[in-house]
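Structure first, then comments.
Residue numbers (this note's numbering), protein chains in the order written: chain C, 905 to 1233; chain F, 58 to 312.
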């Protein structure tokens, strides 16, 4: 449905997207994952014919974005990072306007407007001015305008950014319910979002493709190694962190133990298991049998940066970690 | 064609859903009302004085009221045009809605024409204010309506040209104030260019004076449709909209 070949987009001084190639099958939900500034939005803008590529090709439903932009635009629904709303318009008026732009008219238009209003749960605010709507409702109106002409391909740029947790869940469910009828590409910098909504994932960083794989494979590649946080304390005086570290390292199946901060009176260790080993039970037993208290034991979530490290395991990934941290700060 | 109308309707909606249109109409109505009252008072007093002196030289409503007033409208309109066009593209660029237009299956030229027509319709509404005042002349006097109609045609053509220039300038920036100020400057320049012909008759001065939009309105104010002036305005409109289309296209390559 979507085929991108060696796509490159250069701005005046920077290369935002560097020779990216990937393809998306019909009916799939694909997560476009990367830290801020990785080139997600630029790639999406090329796919929606908003920006022309500097080199390489991109085709949507068999139509080239440069050669036949109008055919591509007819088949695409696009939700930019900030929903493109006219604040002085009422929701229903706005949806009718977008519908007409996309080529709907008459009874068809009325039907689609009603349909997307109920589908995106905005029926109760459809006569309100868009400028008066809350962030969550604006996002839903944005989604409604993207699907108004029942496009084959949906391109959603960070559809859950800035929403509260309840709204995020609702939006994710909505997107999942749209799969099947539509091929969906959604961008995000949150890993769990991809895990929850997508089947396929494309990871990019600094404009370069890092990995493209199914979510299940990705999980297998990264989840085989378990990362566990262990907090150990003692009721009788201070603990020697090296002693604890040695004890934990001796547990079978443990690959690596690192103390987060030896000076902190709360001794917190990060334990990496060997591939495919379940070590939590043994860890707990080892701590308790040594006469210490086990205050906490939990799986540490894999962050996006760690995924990068895991997938590439080289210098560039370490750099990625740095930049990702900077951009999060 | 349908897309042009869709865009035009939306633009008119945002003019008339906000106070913009009403404010412009009120101000324009007030200012023109004052001009009209002045011209009429002067005409009436002059008429009475002539009667007292026992003179019988004919007085002409068309020549003495309508023609100078039409010239006034063309100048006052020039001050209002930046306020009509400044938001057309600048606002879309700032709020990001330009992304919606640019990723919808509509041609750039349809977007541009839709917006320009909407601006022209609002401008025509301003002119309609002046028609109310002129209506009184027809109520109490017997002026010839044809020169007035030609005058309105000229005003629409001149407005169309300046609106096209303003639309173009609005595509150059995200900032409405910059768009408005630049358009105002250009409009003003296009008006005063004519002055050089007052003290210089070199060929460059003639060319400059020819570029002045106001000089081309004189014939319309007299009630004469001069093809030379019609062609000037139509060319100007075409050039302005063409530049807008180029500018919109370049947005994609530049950004």
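A virtual CB, placed ideally from N, CA and C, is assigned to each residue, including glycine.
- Taking 8 angstroms as the cut-off, the Cβ atoms of residue 96 (chain F) and residue 115 (chain F) do not count as close.
- Note on residue 91 (chain F): under 16 other CB atoms within 10 angstroms of its CB, so exposed under the neighbour-count rule.
- Any Cβ of chain C closer than 8 angstroms to the Cβ of residue 159 (chain F) would place that residue at the interface, and such an atom is present.
- No Cβ-Cβ contact shorter than 8 angstroms links residue 1090 (chain C) with residue 954 (chain C).
- Ranked by Cα distance from residue 1113 (chain C), the options C:1086, C:905, C:911 are led by C:911.
- The closest CA to that of residue 917 (chain C), considering only C:1160, C:958, C:1092, is found on C:958.
- Taking the CA atoms as reference points, residue 128 (chain F) sits about 16 angstroms from residue 181 (chain F).
- Per the coordinates, the alpha-carbon of residue 231 (chain F) lies some 15 angstroms from the alpha-carbon of residue 301 (chain F).
- For the pair residue 984 (chain C) and residue 153 (chain F), the CB atoms are nearer than the 8 angstroms cut-off.
- For residue 1054 (chain C), the three-state secondary structure derived from DSSP is coil.
- When rounded, the separation of the alpha-carbon atoms in residue 233 (chain F) and residue 225 (chain F) is 13 angstroms.
- At a cut-off of 8 angstroms, the C-beta of residue 264 (chain F) has no neighbouring C-beta in chain C.
- Proximity of residue 60 (chain F) to chain C, defined by a Cβ-Cβ separation below 8 angstroms, is satisfied.
- Excluding its 5 nearest sequence neighbours in each direction, residue 62 (chain F) has C-beta neighbours in its own chain below 8 angstroms: 171, listed in chain order.
- As far as DSSP is concerned, residue 285 (chain F) takes part in no beta bridge.
- Pairing residue 205 (chain F) with residue 123 (chain F) gives a Cβ-Cβ distance under 8 angstroms.
- If you check each beta-carbon in the region 943-957 of chain C against every beta-carbon of chain F, the ones closer than 7 angstroms belong to 952, 953, 954, 955, 956.
- Beta bridge pairing from DSSP links residue 1202 (chain C) with C:1133.
- Residues of chain F whose Cβ lies closer than 7 angstroms to the Cβ of residue 1017 (chain C) do not exist; the shortest such Cβ separation is about 14 angstroms.
- In this chain, residue 270 (chain F) is not harboured by any beta strand (DSSP E), its DSSP state being neither H nor E.
- Following the DSSP letters along the chain, one finds residue 933 (chain C) inside the beta strand (DSSP E) bounded by residues 933-937.
- At a C-beta separation below 8 angstroms, residue 980 (chain C) has these neighbours in chain F: 160.
- Boundaries of the alpha helix (DSSP H) around residue 177 (chain F): 165-197.
- Counting C-beta atoms within 10 angstroms of its own C-beta, residue 143 (chain F) has 16 or more neighbours from the protein chains shown and is therefore classed as buried.
- Spatial neighbours of residue 1176 (chain C) in its own chain (CB-CB distance under 7 angstroms, excluding positions within 5 residues in sequence) are listed in chain order as 1129, 1131, 1159, 1160.
- Around the beta-carbon of residue 185 (chain F), fewer than 16 other beta-carbon atoms lie within 10 Å, marking it exposed.
- Shown here for residue 952 (chain C): same chain residues with a beta carbon closer than 7 angstroms to its own, the five before and five after excluded, namely 980, 982, 1059 in chain order.
- In terms of Cα proximity to residue 223 (chain F), the closest of F:102, F:166, F:173 is F:173.
- The C-beta of residue 1139 (chain C) has fewer than 16 other C-beta atoms within 10 Å across all chains shown, which makes the residue exposed.
- In the structure shown, the three-state DSSP call for residue 1150 (chain C) is helix.
- In the structure shown, residue 1062 (chain C) falls within a coil segment according to DSSP collapsed to helix, strand and coil.
- Taking the Cα positions, residue 133 (chain F) is about 46 angstroms away from residue 1051 (chain C).
- In this chain, the alpha helix (DSSP H) harbouring residue 64 (chain F) covers 59-74.
- Secondary structure of residue 1163 (chain C) (DSSP, three-state): strand.
- Exclusion of the five residues before and after residue 201 (chain F) leaves 119 as the residues of its chain whose Cβ lies within less than 6 angstroms of its Cβ.
- Using beta-carbon distances, residue 912 (chain C) does not count as an interface residue toward chain F, since no partner is under 8 angstroms.
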